[in-house]
Structure formats: C-alpha cells, structure tokens
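Those protein sequences? They're chains R and S, same order as listed.
So the first sequence is numbered by the numbering used here: it starts at 1 and just counts up by one.
So the second sequence is numbered by the numbering used here: it starts at 239 and just counts up by one.
Positions of the beta carbon are idealized from the N, C-alpha and C atoms, including for glycine.
Computed from a prediction, not measured in an experiment: that's the story for all the values here.
Right, one structure below, let's go through it.
Number of protein chains: 2
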Amino acid sequence: MKKYEIILQDLERKIFDDSYPVNEMLPSENELAEQYEASRSTVRQALKILEENGLIQRRHGLGSIVISHEKLLFPISGLTSYKELQASMGFTSETEVIIFGELEVTAELAKITGFPENELALHILRRRKVDGKFSILDRDFFLKREAGMLDINHAKASTYEYLEGVLGLDIAYAKKEITIDFASEEDFDLLDLNPSDRHVVSVKSHVYLADNTLFQYTESRHQVDRFRFTEFARRQKR
Amino acid sequence: MKKYEIILQDLERKIFDDSYPVNEMLPSENELAEQYEASRSTVRQALKILEENGLIQRRHGLGSIVISHEKLLFPISGLTSYKELQASMGFTSETEVIIFGELEVTAELAKITGFPENELALHILRRRKVDGKFSILDRDFFLKREAGMLDINHAKASTYEYLEGVLGLDIAYAKKEITIDFASEEDFDLLDLNPSDRHVVSVKSHVYLADNTLFQYTESRHQVDRFRFTEFARRQKR
DNA sequence: GAGTGGTCTAGACCACCAC
DNA sequence: TGGTGGTCTAGACCACTCG
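Pasting the structure below:
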C-alpha cells in the first residue's frame, strides 16, 4: 500500500468516526507530515483526494475544514457498477437476465454504440427488481473481442467483477448522458410502470478502457419516480 | 499567471486545435518539462487537470494519449451558472424575473433550504425562454446576510457575476440532486409544458462558500423533453 | 509577524511496458 | 534494457489570513 493511500484512509476513517468532526479543522499539513512521518507533498496528495471527494474544504492561509458528509448523499454519480451501487447503498434487489446473446454490429447499431461496423458484440438485457417492483431495465453491448468468456452467470452476478477481476481489463472512464425518454412498449412489458407513466429516465453510457478502446455501451432505463441522481460539484476558478 | 496554468492552457489549446490530435501521444513528461523549462512536478500538475477534465488518458509506462473531445458533450455537469452555460453552449435565451423579494426563513423553509430559522433570505423566481418556449423555472434562495445589495437587475442578468465579481464571494462547492417530480400548478402556469406532461425534471442544489457557509439553495425545474445532463466519469480504483 | 496552504524545484527510486 | 509515468523527499519561496 502506498504511503499517501495509508494517510488518505486514516484521515477518511477519522472523519467518518468523528475523530475529526464536521466543521472542525484538520491538523496543518506540517503537523500531518510529522504525524505520518511523510513529506508535506505526500500529505498534500492525500488531502487533494479528500477535497475532490467532498470530505474537506481547503482554504489558503487557514487550513482544511471537514465538510458535512451524510453518506447517503453520494449514490449514483461516477462510474460504478450496479452491483457495487447495491452494496454501498445497502439495498437488495434481484436481477433477471432476459437476453444474453451475440450479434454483429449493424450500421444502425454502430451509430448508437460507437462500435465499428461488423464487429461481434455481446448483447445483454437485464431487469432489476427493487422493493418488489421491476423498476430498472439495463441493456448492455460489450465488444466481444474484449469481453472474452463472459457468460450468463456473470450477467446474473456482476459483469464488472469478471471483466476487471478475472480478465484484468482496465476500465478507465465513461461519458454519460441522462435524458427523459418516452416509455417504449418494451418498457411497459418488462417494467412495473404506473399505467399513467409516459416517460422513463434513460442513462446512456459509453465506457472506455485505459488504452482508449470503446468497450461497452449501456443504457439504463428507470421508472421516473424511483430515480435519483446526486452529485458533488466544485466551482471552477478561472 | 502561475506556471502550471500556462502549461495547462497551452496544452489545452494544442489539443483543441489538433496540434495534438485525438489518439496521439503527448510528449513525455520529461520532454514537456524541458520544453516549458519547468520541473517534472509542475508539468504533472497540468497533466493531472487535463486528465480530470477528460482531455487525456495517462498510462503508466506508456505516456499520455489524447481522448476524443467533442466539446458539445459537457454542458451541464459541475457548478455553473445559467449565464455561463448559455455562453459556453452558444444558445440565446430570455430571462423573466417573476418574483424578487425578501422573506424570513420559516421552519418549513429551513428544512428545505438548510438555512437557519428566522434568518432573512432573498427569494427569486425566474423563468427562461429558449427557442420561443418557457422551458425552465428557477427558484433561488440566497442568505441575505451574504448576498448584500443583490437587486432585480442582477437577477435579470447574472447573479453570480455580481456575487463573485463585485462582492468577491468565494463560491466553492454544491451538492446537487436530480429527480423527476410531478408538475405543479405553478409549473403549468409559468412554463409552456405539453398538456400531456405530468412531470418535470427537478435539479436541487445546496451551494456553499469556501468558509463552509451554506449560502444558496436553488431548484431548477425543466420541461422533460428539453432536459439533458452529461457527465464525464472516471472509474475509481480501490 | 507567525502560521497556513499554494507553487516550484532537483533529485531519487520504483513499477510498468515495450523491444 | 531503456524509457515512461507514479511515488516520495527536502527544501525554498510566495500568497493569504489573522491577531
């Protein structure tokens, strides 16, 4: 474990267990450097991450203050698999695999997914039942070339666990888009929508590997009244 | 101007004008350090920001590669005022101030805004006309104590320009939440909703100053078919 | 003026990747 | 094996805030 990670985790722990309470100052960078027997830059590397994650606010000439951090506030921002989300939010749900197949990328599909035409792709359609109602419909396309021996059992459990853990894929970043779309017939068929609903929330993502290959396109369709997105945003200084 | 900012801006420019084309490697950190007559750490500080902003992808042992960056892709993520959004996206719109008033924070309002009870707050309600239709309704509450002489003319133009530029407030971060809410009577009155619409997209934000004061609560209600949110997200390694 | 964080340097060593 | 980025150090100076 790297030194800055040790410092980071220790500070995180102390913030969450109130050793460093909200609205109180952390020790100064020099003090922390001494405490952890590290250089000031190493301490600063850890503090930088705490700041990005919305746990502290640093102020020139003053110090670092702890920000309020009700943990429930950060559920769905970032690039997180459904399984991880479920674990960190502490809810349970069932996943049903509806389609698990392979297909060739048509011109039309290439336009949507960004995959090269005629490539082979995995096509997975799953629905998630939360609190007794099917409220999320997930459609994934994976580049077959990268996804290897991904099979239906991984689709039932966690695709990312297999892709990262077993295949060692280095999933790097995603471009996400949220819009409100008209509910399709398929949505009505497969989700427990309210009869009066006309719309679903659609979250579309293009996911890239560290080597810059586009590797996954996914669309997640949510019942409108069960959708919630939260974000911690910092003001850009220019 | 700080050295790393100069390097950052120069690299940004070269990426956007295709001096460094998409999918090509940047020069190595050592080369850049030499070119800009800077230390490697200073170059790295600039590269870090390029990576956060989704312009490059760095790879251990290889180098930094330029990522595709259709600029239109990043409109509404982060903490950006409506005026700035409008400018960067290049669309025009009209803003109509419907309410500009002062009120005391009631217990009920305190719960929603997070402001202390009995404080004085500014209350501003505005609607935005885009492409000939009123499609966004913005309700702001500012802590009167901080917002000074903010007046109706600032509300017509840009509140942030006044608060940051004139008052010198240091706006630091926001906690945002997006949900789909039922359209209220007020929404129907003030927005050009489709008669069949039952919902609006609600974006609620608590905005904080650098000294950690909660300073603004704002809710932005959007016509569903005109709402779009995009985000660049990196995968967390843990 | 004393203490804080912000910037910058020069140099070292390590981990990763390609040839 | 050589080049790349990732981590870490010790030290310097600057810019900001407060008493």
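Quiz item: At least one CB of chain S closer than 8 angstroms to the CB of Lys-111/R: is that the case?
Solution: no
Quiz item: Do the region 434-446 of chain S and the region 336-347 of chain S meet, that is, are 3 or more Cβ pairs less than 8 angstroms apart?
Solution: no
Quiz item: If the cut is a Cβ gap below 7 angstroms, which residues of chain S does Ile-67/R touch?
Solution: Asn-450
Self-check item: Within chain R, the residues that Gly-301/S reaches when beta carbons sit closer than 9 angstroms
Solution: Residues of chain R passing the Cβ test: none, with the nearest at roughly 12 angstroms.
Quiz item: From Leu-79/R to Gln-474/S, what does the alpha carbon distance come to, in whole angstroms?
Solution: 7 angstroms
Practice problem: Helix, strand or coil for Phe-188/R, going by three-state DSSP, please let me know. | Solution: helix
Quiz item: Can you name, in chain order, every residue of its own chain whose Cβ lies under 6 angstroms from the Cβ of Pro-126/R, other than the five neighbours on each side?
Solution: In the sequence on display, residue 126/R carries Arg and not Pro. Within the same chain, Arg-126/R has close Cβ partners Thr-95, Val-97, Asp-138.
Quiz item: Alpha carbon to alpha carbon, how far is Phe-470/S from Val-368/S?
Solution: 25 angstroms
Practice problem: Measure the beta-carbon distance from Ile-253/S to Ala-276/S and round it to whole angstroms, keeping in mind my assumption that it falls under 8 angstroms. | Solution: That belief does not hold up - the Cβ atoms of Ile-253/S and Ala-276/S are roughly 18 angstroms apart, past 8 angstroms.
Practice problem: Specify, as a first and last residue, the run of the beta strand (DSSP E) that Ala-412/S falls within. | Solution: 409-420
Quiz item: How about Thr-42/R: is its C-beta nearer than 8 angstroms to some C-beta of chain S?
Solution: no
Quiz item: How far does the alpha helix (DSSP H) with Thr-106/R in it reach, from first residue to last?
Solution: It is not in any alpha helix (DSSP H) - Thr-106/R carries neither H nor E in the DSSP assignment.
Quiz item: Since Arg-365/S is in the alpha helix (DSSP H), which residue starts that stretch and which ends it?
Solution: Run containing Arg-365/S: none in the alpha helix (DSSP H); it sits in the beta strand (DSSP E), 358-368.
Quiz item: Can you name the start and end residues of the alpha helix (DSSP H) that Lys-252/S belongs to?
Solution: 241-254
Quiz item: Got a sec? Which residues, its chain only, sit under 8 angstroms from Tyr-400/S by beta carbon, not counting five neighbours each side?
Solution: Leu-388, His-392
Quiz prompt | Alpha carbon of Tyr-446/S to alpha carbon of Ser-64/R, nearest angstrom | solution = 15 angstroms
Quiz item: Quick one, which of Ala-348/S, Thr-451/S, Ala-410/S, His-460/S has its alpha-carbon nearest Val-22/R's?
Solution: Thr-451/S
Quiz item: So which residues on chain S does Arg-128/R lean against when the C-beta distance must stay under 7 angstroms?
Solution: Near Arg-128/R there are no residues of chain S at all, since even the closest Cβ is about 18 angstroms away, more than 7 angstroms.
Quiz item: Are the C-beta of Glu-177/R and some C-beta of chain S separated by less than 8 angstroms?
Solution: yes
Exercise. Tell me whether Asp-187/R is buried or exposed, calling it buried when 16 or more other Cβ atoms sit within 10 Å of its Cβ.
Key: buried
Practice problem: Verify the CB distance criterion: does Arg-377/S have a CB-CB separation below 8 angstroms to chain R? | Solution: no
Self-check item: Cutoff 8 angstroms: Ser-220/R Cβ touching any chain S Cβ
Solution: no
Quiz item: Just by C-beta distance, which residues in the region 242-275 of chain S are closer than 7 angstroms to chain R?
Solution: Asn-261
Exercise. Check each candidate in Leu-288/S, Ser-373/S, Glu-267/S, Gly-328/S and name the one with the smallest Cα separation from Arg-278/S.
Key: Glu-267/S
Quiz item: Taking the continuous beta strand (DSSP E) assigned at Tyr-82/R, which residues delimit it?
Solution: Per DSSP, Tyr-82/R belongs to no beta strand (DSSP E); it is in the alpha helix (DSSP H), 82-89.
Exercise. Report back the beta-carbon spacing between Leu-120/R and Gly-148/R to the nearest angstrom; my notes put them in contact at under 8 angstroms.
Key: The pair is not a contact, with the Cβ atoms about 12 angstroms apart (cut-off 8 angstroms).
Self-check item: Within 8 angstroms, strictly: CB atoms of Ala-87/R and Arg-472/S
Solution: no
Exercise. Give the secondary structure of Glu-308/S by DSSP, where H, G and I count as helix, E and B as strand, and everything else as coil.
Key: coil
Quiz item: If we ignore side chains and look at the alpha-carbon of each, how far apart do Thr-532/S and Asp-18/R end up?
Solution: The shown model of chain S, from 239 to 476, leaves out residue 532/S, and the question about it has no answer.
Quiz item: Counting contacts by CB-CB distance shorter than 8 angstroms, is Gln-57/R in contact with chain S?
Solution: yes
Exercise. Kindly indicate the opening and closing residues of the beta strand (DSSP E) around Val-439/S.
Key: 437-447
Quiz prompt | Rounded Cβ spacing between Asp-427/S and Val-462/S (contact assumed at less than 8 angstroms) | solution = That pair is no contact at about 17 angstroms.
Self-check item: Minimum Cβ-Cβ distance from Leu-79/R to chain S less than 8 angstroms
Solution: yes
Exercise. Have a look at Pro-433/S, Glu-346/S, Ile-416/S and flag the residue whose alpha-carbon is nearest the alpha-carbon of Glu-423/S.
Key: Pro-433/S
Quiz prompt | Of the listed residues Gly-370/S, Ser-306/S, Glu-262/S, Tyr-455/S, nearest to Lys-413/S (C-alpha basis) | solution = Tyr-455/S
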